[in-house]
Every structure is written in structure tokens, then in C-alpha cells.
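Those sequence lines, one after another, are chains A and B. The opening position of the first sequence corresponds to residue 1 in my numbering, with each subsequent residue numbered one higher. The opening position of the second sequence corresponds to residue 261 in my numbering, with each subsequent residue numbered one higher. The C-beta atom is built at its ideal place from N, Cα and C for all residues, glycine as well.
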Amino acid sequence: MNNRIDLKFKELKESNKKALITFVTAGDPDIETSYKVIREMIAEGIDILEIGIPFSDPLAEGPTIEKASYRALASNTTTDDVFNLVKKLRVDYNIPIILMLYVNLIYKYGKDKFMGKCTEAGIDGLIIPDLPIEEVSELKSYASAKEIYIINLVAPTTKSDRLLKTVKESEGFIYCVSSLGVTGERKKITTDLSDFYNRLRSITNLPLALGFGLSNKKQIDGLKGGWDGFIIGSAIVNIIAQYGIDSPEYVGSFIKSLKN
Amino acid sequence: MDKKFGEFGGQYVPETLMEALIEIEKAFAKYSEDPEFNRELKELYENVANRPSKLYYASEMTKDLGGAKIYLKREDLNHTGSHKINNVLGQMLLAKKMGKKKIICETGAGQHGVATATIAALFKIECHIFMGKEDVERQALNVFRMELLGAKVTSVDSGTGTLKDAVNEAFRQWTREVEDTYYLMGSVVGPHPYPVMVREFQKIIGEEVREQILLAEGKLPDAVVACVGGGSNAIGIFYDFIKDEQVKLIGVEAAGEGLDTDFHAATISKGSTGIFHGMKSKFLQDDFGKIMPVYSMSAGLDYPGIGPEHAYLYSIGRANYFPVTDEEAIDAFEYLSKMEGIIPAIESAHAIYYAMNLAKQLDKDKIIVVNLSGRGDKDVYQVAKYKGVEINEQ
């Protein structure tokens, strides 16, 4: 159990805390701003960092993250730039870092070469929204060889046989999609979250982190189920969209509002 | 059911959609073996689509070119004017059997959208169509047609505002309402089971050609030619001939302004293996795996990928794929109009152009069948514009 993700969840569990996992698209609006935003988020006490690599066609994303992807591509952000960003962060930080990216970026880069670069940069896990459990074997052996976790997603639509199969093959934590639809803020989550949580908890001891549509402290505090962590993405990306290169301090205060 | 064609195909989609794909796969497996379903489908093919479509001997063209005999498979004479209706009837009947209340789909040129809106009207199923902003502009008449038929059309302005973005948006919408909605994909692309299912609903084209050409000529054709965007009309006419090694299968892709420019959609000629829109196949992409903007004056061929079965047929050498430019397609568009009195879809004109050249190289005892996949009424305005002719539409 040397992966930073495992160590973090163990540490949080011992102190009876939940993980705050936050997302930013690398290169939105430029890679230097992303670096500063991340430093602010870490300074305010996030537990796990999720960095998105921009893609031309992010079909699991709502308009907020989709537009962030286009802004990052407009500043010519490549996969290699993201590896360099993580290397730079690793000089100062030991926080678990996960990349969120579409499978073609890995496939085209070269599966083995990509995983090697992940290890070299200090990346702990990958979230691949268009790689369901049926196709994960495509990458699994390459990732495992370099001790990189592939974080599986489950959705309210996932039926029990596939839920069981997914948790059996999971590592690190399970990314639980709160509701139908793409990423982005929702006024209300209508899924029966305590049922969703219980269905999962009855078949796995792995940490369960909830994401999609979470945007503020009040909402998170009101969520049913004993979730081990929460993933916040679009709410942060919206701040970056609004303030651009001036966004780091605003993101910082937003994180502070989540922690209190 | 096999999910892959060699290394191509698969199911690379967000988790939220996986159970829906499994549900469709199961329903398709059940109903495609069901005599009652197949009887109903046959009846729809005959009474609604106007099948079988004619295999037309293009005598004037053949005489003029002086080489191989050219036959045209008249999918343009189907109801709604293209081969798209075959697949729509199949999938809509399946969706109805599955008890789905809503249909969503993507469309490029609008041929699939019009076919879907038409059958949704007939079946009394709610229909929501996604179309790239660029395509909405260049195919305004089809947008009006779809709305006339009672469908809701959403213009997609993200990305390049073309077919690929319409597919992205249709996938996004599907994840929002996956529980009661059926995604009626228009080509042999996307995640399994679509490439298999759409082929099964289109393979009637090739099956009819076999019967018709044996009746007319007493032998199989030497070559079968079809245009390829995602590749549904091509797989439809190819499939029944795959086992007949002597029949050359030729797909024609859109070279736009030329392969030496950035403005084309020639996936096989210039693309590489990747994973996108739920499938592993050939795509036009950059070194990091970003999908490239593509171009063809034909909205139906303006797509950066190709169906996985085509990638497979190409990889094993069973089918070949060649590029034809906008300019060449327009030559063929005018040629067929003047020579046979048939105005082809600009998509199909790509295949016609290739066949014109091939015919000249072959002896008179050889036979070429071209899939005339759609009619060209929708393209007249755009071709006029390309040629600098102003048409006042009032």
C-alpha cells in the first residue's frame, strides 16, 4: 500500500475525515495559471488533486468543463505540458495526483510510454470517463506495471452484476457518479443517494467518492450516505472561466468556504 | 454477439450509458431472430421505404465511357431519398418493441435526421435531432423538413459545429435521459452494438443487388463502389459480397480540397488507429490524439472517423478506399445529371466519380455496381453556390 491515494484515505479515515477532491483543467486559460490555482487549492487543504488533460471532444462533460477544454487547447496545452506541470508540483507537494483524460489521448501517446511518463512525473491514478469496465483491460496491465491506479466510475444506472464486477476490479477509490447526465452543477440531485451508497457499501470496503453536480458546502453537508469523499469540478472551473489569470485567489477562497 | 471486428470496435462510452447499450444489444439479439419482427420489418421496407430499390443499368454513361457496364443501385428512390431509411425502420421498430418513448439522433447532411423524423411521425414517437451549426446553415431546407415532420432540431455550436459535434451532443443528451430514451445512431459507427446492428439493417442493399445482377447479367459484379463517411451505405452494399473474393469492394472517401491540404475528411488515406465516439477505428487526429477538424463540401461525409468494420476490411485487404475531391464530386454530380437525367446526392457523386474512372480502365464485359445512396435535390443550392450561380429562393 504505497500509492499516495491509499495512504491519504487511510490517514483521513483514522482522523474520521472525508476527502475533498478538486478538479482543474490544465492550461485553462494557461498552464502557469493552472499551477497557481493548484498551489492555492493545496494551501487551503484539499486532499486529492484531479487534473484534466484538455481534449477536442470531451463528450462526458457539460458545457463548463467542455469550454475549459477548448480554452486550454487554445493555449496549446499538450499531454507533455501536463506531465511537466505535475513534475513541477512534485518539487513541493506529496498530495495524491490523478489525471482525468479521454482514452484516445493515452492510446495515441502509446500505452506503455504514457504510463512510464506518469510514474516519472509522480502521478498516482487515472480517471478515464470513456473507459468502462468492459474495456479497462486495454490499459490495466500497462498501468499496473507502473503502479498507476485506474479509478473506475459507477453510475446510478449501473446494475448489480456490473457493480460487483466493477468494485472487484477497483483500486484506490470508486468514483460514484451522483446522477444521470454530464458533468456540471445541478440545482438538485434526485438520485436516492443513501440507497446508492448502501448498495455499494454492502459489496466493497474501498473508499467511495461522490462527484458530478456538487458545488457548495451546504449542498454537500445535506447529502445522504456515508461517502468517503466529494469531487468538485465545474464549480471551480466556473471561477476560472470568470476570473482567468486572476482566478487563483478566488479559487482559494472558494476552497476555504468548502473546508469550513 | 462479437463486439469487435479484429482489433476494431468495442464499447468506449461513459459508465452511465453502458447499461443502455447492453439493453439494446439484448433486445437486438432477441428481435433479429424473431420471425414476427422480421415480418414487420419486411413489410415496412416494402410499404414505407418502397423496397426493393431498382438496380438501374446506366446505359448512357456506359456507352459514353466505353468500358465496363455501370449499374446504379437506386437507394435515392427510397422514401425520404436515401438509404438511411433502411436503418431507421429497423431501429425504430426495435425501439418500439423495447417500449421507448423518445428518440434522439444526430444528423450530418440531414438525410438521417429526415428519415428519423419521418418514421418517428409515423410511429408517434417523440424525436429530438442534433445537428451541427455549420450543417444547419448549409442544409437549411432539411432542418425545415425535420421540423415539419414534428421533430425538435437542436443546432450544436460546440467544436467545429459539424457531424462529430452533433454526435457528441447526442451522447450528452442521452446520458441525461438514458432511462426512457433510445439513441438512433445513423451510421455503422459508435459503440457496439451499433456497427453490427446498423449493418444488419442495411445489408438488404447488397442482398438485393446480388439477386438483381444475377437476373440481369447472370454473374456477380466485378466491383462494388460506394461513398464512405461513417460507412453505412457502403457496408450495406458490401456485406453480402464479402465472401465473394472476386468482387472488388471499393469505398470512396471525401478528399475535400485535396489530401495535400488540411481540408479533407479522408480517414483511411490520412488517419490512424484511435478510440473515439465509443469505438476503436481509424480517425483523423494529431500526434497527441486530439480529433482533427475535417472538411468536405458534403455534410454526410464530413466526419473524422469511419465505422470499425471498414477499418477491419481495410486492414485485412478485403476492401479498398480511395479519395475523391469536392471538385471531382461536382464533375460527377453534373455528369450524371446530364448523362442519365439523375441528380445524385453530393455524397454519392464521390462514388460516381470513382466509378467513371474505373469503368474506363476495364473491359466491356466487366460490371461495376455503384451505390447511388441518395438523391441530390438537397445539394442543388450548394452546388450552384460553389459554381458561383446565384439562386433567388423567393
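Helix, strand or coil: how does DSSP classify A:L73 here? Start at 1 with the first residue of the first sequence, and residue 73 of chain A comes out as number 73. Of the three classes helix, strand and coil, the one that applies to A:L73 here is helix, per DSSP.
Leaving out five residues on either side along the sequence, give the residues of the same chain with a beta carbon under 8 Å from the beta carbon of B:D294. Locating residue 294 of chain B in the second sequence gives position 34, where the first residue counts as 1. Around B:D294: no qualifying Cβ.
Does the beta-carbon distance from B:G350 to B:M539 come in below 8 Å? Locating residue 350 of chain B in the second sequence gives position 90, counting from the first residue. Locating residue 539 of chain B in the second sequence gives position 279, counting from the first residue. No, the Cβ-Cβ distance between B:G350 and B:M539 is not below 8 Å.
Can you tell which of B:Y641, B:L277, B:Y614 has the C-alpha that lies nearest to the C-alpha of B:I510? As a position in the second sequence, residue 510 of chain B is number 250, starting the count at 1. For the residues B:Y641, B:L277, B:Y614, the minimum Cα distance to B:I510 belongs to B:Y614.
Find the nearest neighbour of A:L12 within the set A:E249, A:G211, A:S247, A:P207, judged by alpha-carbon distance. Numbered from its first residue, the first sequence carries residue 12 of chain A at position 12. Relative to A:L12, the option among A:E249, A:G211, A:S247, A:P207 whose CA is nearest is A:P207.
Cβ-based contacts, 7 Å cut-off: residues of the segment 135 to 161 of chain A near chain B: E135, L153, V154, A155, T157, T158, K159
Buried or exposed, going by whether 16 or more other CB atoms sit within 10 Å of the CB of B:L423? As a working note, residue 423 of chain B is residue 163 in the second sequence. Buried, because 16 or more other Cβ atoms sit within 10 Å of the Cβ of B:L423.
Compute the Euclidean distance between the alpha carbons of B:E650 and B:A644, then round it to the nearest angstrom. Within the second sequence, residue 650 of chain B is the residue found at index 390, counting from 1. Within the second sequence, residue 644 of chain B is the residue found at index 384, counting from 1. Whole-angstrom Cα-Cα distance: 7 Å.
Starting from B:G549, find everything on chain A with Cβ-Cβ shorter than 7 Å and list it in chain order. The residue you call residue 549 of chain B lines up with position 289 of the second sequence. N104, L105, Y107, K108, Y109, listed in chain order.
Given A:L131, which residues of its chain have a CB within under 8 Å of its CB, disregarding the five upstream and five downstream residues? Position 131 of the first sequence holds residue 131 of chain A. For A:L131, where only same-chain residues beyond five positions count, the Cβ hits under 8 Å are V103, E138, L139, I150.
Assuming the contact rule is C-beta atoms closer than 8 Å, A:G184 and A:P63 should be a hit. Round their C-beta distance to whole Å, please. By 1-based counting over the first sequence, the position of residue 184 of chain A is 184. By 1-based counting over the first sequence, the position of residue 63 of chain A is 63. Sure, about 7 Å apart at Cβ, within 8 Å.
So if I threshold CB-CB distances at 7 Å, which residues from the segment 40 to 70 of chain A count as touching chain B? F55, S56, D57, L59, A60, E66
Buried or exposed, going by whether 16 or more other CB atoms sit within 10 Å of the CB of B:N652? Taking the first residue of the second sequence as position 1, residue 652 of chain B is located at position 392. It is exposed - the Cβ of B:N652 has fewer than 16 other Cβ atoms within 10 Å.
Any beta carbon of chain B sitting closer than 8 Å to that of A:G181? Looking up residue 181 of chain A in the first sequence gives position 181. Cβ-Cβ to chain B under 8 Å: yes for A:G181.
Rounded C-alpha distance that separates A:I148 from A:D80: For this step, residue 148 of chain A is matched to residue 148 along the first sequence. For this step, residue 80 of chain A is matched to residue 80 along the first sequence. Cα to Cα, the separation comes out at about 17 Å.
Am I right that A:F9 and A:D228 are in contact with their C-beta atoms under 8 Å? What's the rounded C-beta distance? Locating residue 9 of chain A in the first sequence gives position 9, counting from the first residue. Locating residue 228 of chain A in the first sequence gives position 228, counting from the first residue. Indeed they touch by this definition, with Cβ atoms about 7 Å apart.
A:P269 versus chain B: which residues are under 8 Å apart at the beta carbon? Not covered by the structure: residue 269 of chain A. The range shown for chain A is 1 to 260.
Using beta carbons (cut-off 8 Å, strictly below), is B:R436 in contact with chain A? Within the second sequence, the letter at position 176 stands for residue 436 of chain B. Chain A, which has a Cβ nearer than 8 Å to the Cβ of B:R436, makes this yes.
Closest by CA to A:S202, which one among A:N84, A:R39, A:L164, A:I123? Stepping through the first sequence from its first residue, residue 202 of chain A is reached at position 202. Residue A:L164 is the option with its Cα nearest to A:S202.
Give the interface partners of A:T25 over in chain B, defined as CB-CB distance under 9 Å, in chain order. On the first sequence, residue 25 of chain A is found 25 positions in, with the first residue counted as 1. By Cβ distance, chain B contributes nothing, its closest Cβ being about 14 Å from A:T25, past 9 Å.
Grab the span of the alpha helix (DSSP H) containing B:E306 for me, first residue to last. Along the second sequence, read from residue 1 onward, the residue named residue 306 of chain B stands at position 46. That run of the alpha helix (DSSP H) goes 295 to 307.
Would you say B:N493 and B:A483 are within 8 Å of each other, going by their C-beta atoms? The residue you call residue 493 of chain B lines up with position 233 of the second sequence. The residue you call residue 483 of chain B lines up with position 223 of the second sequence. Not closer than 8 Å, so no.
Neighbour flag for B:I284 against chain A, beta carbons, 8 Å: On the second sequence, residue 284 of chain B is found 24 positions in, with the first residue counted as 1. Not closer than 8 Å to any Cβ of chain A, the Cβ of B:I284 fails to qualify, so no.
Would you kindly work out how many angstroms separate the C-alpha atoms of B:I497 and B:L301, rounded to a whole number? For this step, residue 497 of chain B is matched to residue 237 along the second sequence. For this step, residue 301 of chain B is matched to residue 41 along the second sequence. Cα-Cα distance, rounded: 18 Å.
Return the chain-ordered list of same chain residues with a C-beta closer than 7 Å to the C-beta of B:I330, the five sequence neighbours on each side being excluded. For the purposes of this step, residue 330 of chain B is taken as residue 70 along the second sequence, with counting starting at 1. Counting only Cβ-Cβ distances below 7 Å, and skipping sequence neighbours, we find A318, M321, T322, A615, A619, I628, V630.
Give every residue of the same chain whose Cβ lies closer than 8 Å to the Cβ of B:G518, excluding the five residues on either side of it in the sequence, and list them in chain order. As a working mapping, residue 518 of chain B is identified with position 258 in the second sequence. If we look at B:G518 and ignore the five residues flanking it on each side, its Cβ neighbours are H524, T585.
What residues from the segment 512 to 540 of chain B come within 7 Å of chain D, judged by C-beta to C-beta, listed N to C? Looking for chain D here will not work: the only protein chains present are A and B.
Taking 8 Å as the CB-CB limit, is A:P129 close to chain B? Within the first sequence, residue 129 of chain A is the residue found at index 129, counting from 1. For A:P129, the answer is yes, since a Cβ of chain B falls inside 8 Å of its Cβ.
Cα-Cα, which of B:D417, B:D562, B:D336 is closest to B:G368? The sequence position of residue 368 of chain B within the second sequence is 108, counting from 1. Closest by alpha carbon: B:D562.
Anyone know if the C-beta pair for B:K384 and B:S415 falls short of 8 Å? Within the second sequence, the letter at position 124 stands for residue 384 of chain B. Within the second sequence, the letter at position 155 stands for residue 415 of chain B. Cβ distance not < 8 Å, so B:K384 and B:S415 don't count as in contact.
Helix, strand or coil for B:M358, going by three-state DSSP, please let me know. Taking the first residue of the second sequence as 1, we reach residue 358 of chain B at position 98. Residue state, collapsed to three classes: coil.
Closest Cα partner of B:K344 within the set B:E279, B:I576, B:G490: Translated into the one-based positions of the second sequence, residue 344 of chain B becomes position 84. Among B:E279, B:I576, B:G490, the Cα nearest to that of B:K344 belongs to B:G490.
Do three or more CB pairs link the segment 526 to 541 of chain B to the segment 590 to 601 of chain B at distances below 8 Å? Segments in contact, no.
Work out the CA separation of B:V456 and B:S292 for me, nearest whole Å. To locate residue 292 of chain B, count along the second sequence from 1; it is residue 32. To locate residue 456 of chain B, count along the second sequence from 1; it is residue 196. Between B:S292 and B:V456, the C-alpha separation is close to 11 Å.
Chain-ordered chain B contacts of A:V177 [CB-CB under 7 Å]: Numbered from its first residue, the first sequence carries residue 177 of chain A at position 177. Those are E275, T276, listed as they occur along chain B.
Unbroken alpha helix (DSSP H) run spanning B:Y595, endpoints: Working through the second sequence from its first residue, we reach residue 595 of chain B at position 335. It spans 586 to 600 - the alpha helix (DSSP H) in which B:Y595 sits, taken as one unbroken run.
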